[in-house]
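Contents: one structure, followed by commentary.
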Amino acid sequence: LDDYYLQQFGEVKSVQLQKAILSVSPQAQESARCGMPLKHGLKRDWNLLEQTTQKVLAKQLAAPVLTSPATYTSASGHFTVHYTTTGTDAPPMTDVTGIIGIPDWVETVAATFEEVYAKYSTMGYQQAPTAAGVPYDVYLLDLAPLGYYGLTNSGVSAASSGFPSAFTSWMEIDNDFADSIYTPYIPIQSLQITAAHEYHHAIQYGYNFYFDIWYAEATSTWMEDELYDNVNQLYTYIPAWFNQSRLPLDTSESISTGGGYGRWIFNRYLSETHTATSILKVWEAVAQTENCITTNNVKSCYDIPMSPVINNVLTTYNSSLGNDFFGFAKRVYTRDWPLHLGSSETDKIHAYSPVAAYSVYPV
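Be aware that the sequence shown starts at 65, since it is given in the working numbering, and climbs by one per residue.
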């Protein structure tokens with residue numbers, strides 16, 4: 065486990081791990097993605113790591129330290145944007161249309177997060193908790209070299225919010241979304257879907273830190289389209305799943321397999337069948353799910369398997385995970401997708417090609 069995290073964060077690796085890596089064929093670099101899963105795993109497994117490993121990786125769980133730092137608090141006071149005025153992490157410094165002394169892009173970031181905040185409030189979600197109720201911290205950094213749009217990092221226990229395993233959080237997002245990995249989408253579009261995606265991770269932490277990552281990514285990705293329907297970047301994740309449809313629904317998150325990210329389309333089906341409230345109920349159920357055990361006065365917690373939680377919620381709609389997944393599979397095949405927010409998006413959903421046809425049952 066120590067070697068795994070040291071390798072993932074580019075630190076010193078053991079000789080044994082180097083040999084293991086060299087014995088495996090290299091994989092193509094995945095497209096830009098969310099950086100939350102790796103940080104989540106590190107936080108969850110922290111107490112299992114050697115002290116020497118903890119010393120090396122402590123910086124990964126700490127808030128960024130910016131050179132020439134500056135801050136700007138959003139108009140409604142829910143967010144503080146942290147940025148630098150120098151170096152590669154500096155956002156575009158143009159200041160011609162907004163508040164004197166504050167770069168226009170920084171103001172745009174703050175306004176976008178306030179917009180996201182308002183939309184999630186309307187949908188009934190509990191907002192992400194912060195320590196002592198201060199504004200939520202958003203850091204602007206050059207994340208393109210890491211292949212990230214953004215990442216959400218957990219903070220401290222927020223059990224006082226009413227949920228025993230709730231945590232505060234803070235996030236980092238790319239400073240300008242101008243690098244080639246974000247094309248063909250313009251910066252404001254990448255900012256919008258990143259804010260929608262990452263802030264839902266912050267909301268998830270506010271319900272329960274210990275969740276099954278695949279569904280966290282499926283939900284945050286689905287929310288991109290619910291909040292900013294005009295961007296449609298998330299449709300690029302679907303082919304990886306439909307072309308490898310024998311992989312389980314709860315396959316670990318991966319752009320290349322469609323694990324997690326590509327599964328957002330299943331949430332689309334559930335929301336169309338049972339309303340979007342059904343997804344909210346899943347996360348509310350996670351908040352009340354017991355996921356920690358104490359042995360010899362040592363408390364340990366595990367990530368909650370999401371499939372049983374989803375199934376239990378669907379039973380309140382006189383359905384089940386099996387029934388709804390079968391209905392989803394039929395819709396994928398027949399392509400009779402209803403309108404989404406008043407418009408047809410069927411042409412954006414990858415067509416599934418069956419691998420074989422059978423005329424006799426059982427096969």
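Even for Gly, the Cβ is constructed at its ideal location relative to N, Cα and C.
Ile267 sits in a helix when the DSSP states are folded into three classes.
In this structure, Tyr274 keeps its C-beta atom at 9 angstroms or more from the C-beta atom of Ser233.
One Cα belongs to Leu207, the other to Ile245, and the distance between them is close to 11 angstroms. When C-beta atoms of the stretch 367-386 are compared with those of the stretch 340-359, three or more pairs fall below 8 angstroms, so the two segments count as touching. Secondary structure at Arg332: helix, using DSSP grouped into helix, strand and coil. In terms of Cα proximity to Asp201, the closest of His146, Ser185, Asp159 is His146. Within the stretch 333-403, the runs of beta strand (DSSP E) that reach at least 3 residues and sit entirely inside it are, in chain order, 356-359, 362-365. Counting only residues of its own chain and dropping the five nearest sequence neighbours on each side, His261 has a CB closer than 8 angstroms to the CB of Cys98, Tyr213, Gly214, Ser284, Thr285, Met287, Glu288. Around the CB of Pro248, fewer than 16 other CB atoms lie within 10 Å, so the residue is classed as exposed. Annotation note: the stretch 106-179 contains the following uninterrupted beta strand (DSSP E) runs of length 3 or greater, listed N- to C-terminal: 133-137, 143-148.
The stretch 165-185 and the stretch 126-143 touch, with three or more beta-carbon pairs separated by less than 8 angstroms.
The straight-line gap separating the alpha-carbon atoms of Gly324 and Lys107 is approximately 20 angstroms. With respect to the C-alpha of Tyr333, the residue from Val220, Phe390, Ala421 having the closest C-alpha is Phe390. By the neighbour-count definition (other C-beta atoms within 10 Å, threshold 16), Met100 is a buried residue. According to the DSSP secondary-structure assignment, Asp238 is paired through a beta bridge with Leu205. Around the CB of Val160, fewer than 16 other CB atoms lie within 10 Å, so the residue is classed as exposed. Within the same chain, Cβ atoms closer than 8 angstroms to the Cβ of Arg395 are found at Tyr333, Trp401, the five residues on either side in sequence being excluded. For the 9 angstroms CB-CB criterion, Thr131 and Gly151 form a contact.
By the CB criterion at 9 angstroms, Met157 and Asp276 fall outside the cutoff.
By the C-beta density criterion, Lys363 is exposed, having fewer than 16 other C-beta atoms within 10 angstroms. Under the three-pair Cβ rule at 8 angstroms, the stretch 215-232 counts as touching the stretch 351-362.
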